[in-house]
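Worksheet for the structure shown next.
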Amino acid sequence: DVKVTQSSRYLVKRTGEKVFLECVQDMDHENMFWYRQDPGLGLRLIYFSYDVKMKEKGDIPEGYSVSREKKERFSLILESASTNQTSMYLCASSSYILAKETQYFGPGTRLLVL
Amino acid sequence: DAKTTQPTSMDCAEGRAANLPCNHSTISGNEYVYWYRQIHSQGPQYIIHGLKNNETNEMASLIITEDRKSSTLILPHATLRDTAVYYCIVRVAGSGGGADGLTFGKGTHLIIQP
Chain A
1 DVKVTQSSRY
11 LVKRTGEKVF
21 LECVQDMDHE
31 NMFWYRQDPG
41 LGLRLIYFSY
51 DVKMKEKGDI
61 PEGYSVSREK
71 KERFSLILES
81 ASTNQTSMYL
91 CASSSYILAK
101 ETQYFGPGTR
111 LLVL
Chain B
115 DAKTTQPTSM
125 DCAEGRAANL
135 PCNHSTISGN
145 EYVYWYRQIH
155 SQGPQYIIHG
165 LKNNETNEMA
175 SLIITEDRKS
185 STLILPHATL
195 RDTAVYYCIV
205 RVAGSGGGAD
215 GLTFGKGTHL
225 IIQP
C-alpha cells in the first residue's frame, strides 16, 4: 500500500511565524504535490515537484515555498504565516508509471493561524 | 477538470451495491475517467480510473458507456466506512510536464445507512 504521511494532523500558529509542513512518501514516487483545500473553493495546487530539487509553481504559490532535498520528502514552508493561510493542507504523490493523475494523498494537516 | 455532472447526494443501505453515476458528455478521445473519494476530515483517496473498457479493482468497478458520455462507479457491498464524497473527473492521463493539479467538482455525498 502506498503511504503518504504528514508531520501533523493539527497545527496552531501565530501570525508572522515561520511554519514547516513535512510530507513523506514510501513508494519511491517521482512526483509530489502540495494542495490546500477550503470550503467552497475546493482543492487548489500550491506547488509541484517532479524530481529532487525540482519544483514548479501551482495555482496559488504566493506566500509559500517548498523544498525537496530527498526523493521521499517534500516540505511546504509558510515564510510568515497569515490568517488567510488557515486551511487544510494536503500532500500527494504519484509516479511516472501510473501517470500524474493517479495521486495518493496524505491525511492532511489542519492549520489554524491566529 | 470540472467537466462532469454528478448528483449532489445519494443514500444506500449497508451491504447493498452503491451505484454512483457521472455524466461527462464533452469527454474527448484521450481523456480518462478518474474517481476519488474523500471521507470527512481525511485526504482524498484514489479509487479507480478507465478509458473505455470497464475496470475493476479491490475497491470498486467502473462501468463506462460505449459512447463514453457517462460512467458508473459501483461499490459492490457498501459499508458504513464508504460514507464519503465521491468525485468523478476527466483528465488526459500523464498530461505533459508542469504543474497540473487535480481539481474536483462538488461530487456526490454518498451516505450508507445501517
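Protein sequences, first through last, are from chains A and B. Be aware that the first sequence starts at 1, since it is given in the working numbering, and climbs by one per residue. Be aware that the second sequence starts at 115, since it is given in the working numbering, and climbs by one per residue. Where a beta carbon is used, it is the ideal one built from N, C-alpha and C, also for glycine.
Residue i classed as buried or exposed, judged by whether at least 16 other C-beta atoms fall within 10 angstroms
i	result
GLN6(A)	buried
HIS29(A)	buried
ALA116(B)	Confidence is the limiting factor: at ALA116(B) the pLDDT is only 48, short of 50, which leaves the residue's position unreliable, though a coordinate-based value still follows. Under this definition ALA116(B) is an exposed residue.
ARG195(B)	exposed
GLU145(B)	buried
GLY210(B)	Confidence in GLY210(B) is poor, its pLDDT being 49 and thus under 50, which makes the residue's placement unreliable; the coordinate value appears in the next sentence. Looking at its Cβ environment, which holds fewer than 16 other Cβ atoms inside 10 Å, GLY210(B) is exposed.
ILE46(A)	buried
PRO228(B)	exposed
TYR150(B)	buried
GLY58(A)	buried
HIS191(B)	exposed
HIS163(B)	buried
PRO39(A)	exposed
GLU101(A)	buried
TYR96(A)	exposed
VAL12(A)	exposed
Start-to-end residues for the beta strand (DSSP E) that takes in residue i
i	result
THR222(B)	222-227
THR109(A)	109-113
GLU56(A)	54-57
ARG73(A)	73-78
LYS67(A)	For the sequence presented, residue 67(A) should be read as Ser rather than Lys. Segment 64-70, the beta strand (DSSP E) holding SER67(A).
ALA127(B)	123-127
Residues that residue i bridges to, as DSSP identifies them
i	result
SER93(A)	MET32(A) and TYR104(A)
THR5(A)	VAL24(A)
PHE48(A)	PHE33(A) and GLU56(A)
SER175(B)	THR170(B) and ILE188(B)
ILE74(B)	In the structure as shown, chain B starts at 115 and stops at 228, and residue 74(B) therefore has no counterpart that could be examined.
ARG205(B)	TYR146(B)
GLY219(B)	According to DSSP, GLY219(B) bridges with nothing at all.
LEU134(B)	LEU187(B)
LEU11(A)	LEU111(A)
LEU43(A)	GLN37(A)
SER87(A)	LEU111(A)
ALA98(B)	This structure gives no information on residue 98(B), because the portion of chain B shown stretches from 115 to 228.
THR118(B)	Paired residues: none, contrary to the question.
Chain B contacts from the segment 71-91 of chain A (Cβ-Cβ distance under 7 angstroms): Those residues of the segment 71-91 of chain A placed with their C-beta closer than 7 angstroms to a C-beta in chain B are LEU90, ordered along the chain.
Validate contact between the segment 127-139 of chain B and the segment 188-205 of chain B using beta carbons, cut 8 angstroms, 3 pairs: Between the segment 127-139 of chain B and the segment 188-205 of chain B, the count of Cβ pairs shorter than 8 angstroms is three or higher; the stretches touch.
At least 3 beta-carbon pairs within less than 8 angstroms: the segment 11-27 of chain A vs the segment 79-94 of chain A: Short answer: they touch.
Inter-stretch contact at 8 angstroms, needing at least 3 Cβ pairs: the segment 104-113 of chain A / the segment 115-134 of chain B: Under the 8 angstroms Cβ criterion, the segment 104-113 of chain A does not count as touching the segment 115-134 of chain B, having fewer than three qualifying pairs.
Chain B contacts made by the segment 55-71 of chain A, where a contact means CB separation under 8 angstroms: So the close ones are GLU56, LYS57, GLY58 and ASP59.
Contacting positions in the segment 137-161 of chain B - beta carbon closer than 9 angstroms to chain A: If you check each beta-carbon in the segment 137-161 of chain B against every beta-carbon of chain A, the ones closer than 9 angstroms belong to TYR146, TYR148, TYR150, GLN152, SER155, GLN156, GLY157, PRO158, GLN159 and TYR160.
Near-chain B residues of the segment 10-41 of chain A (beta-carbon distance less than 7 angstroms), N- to C-terminal order: Residues passing the 7 angstroms Cβ filter: PHE33 and TYR35.
Members of the segment 175-186 of chain B that neighbour chain A once the beta carbon cut-off is set at 9 angstroms: Listed by position along the chain: nothing, the set is empty.
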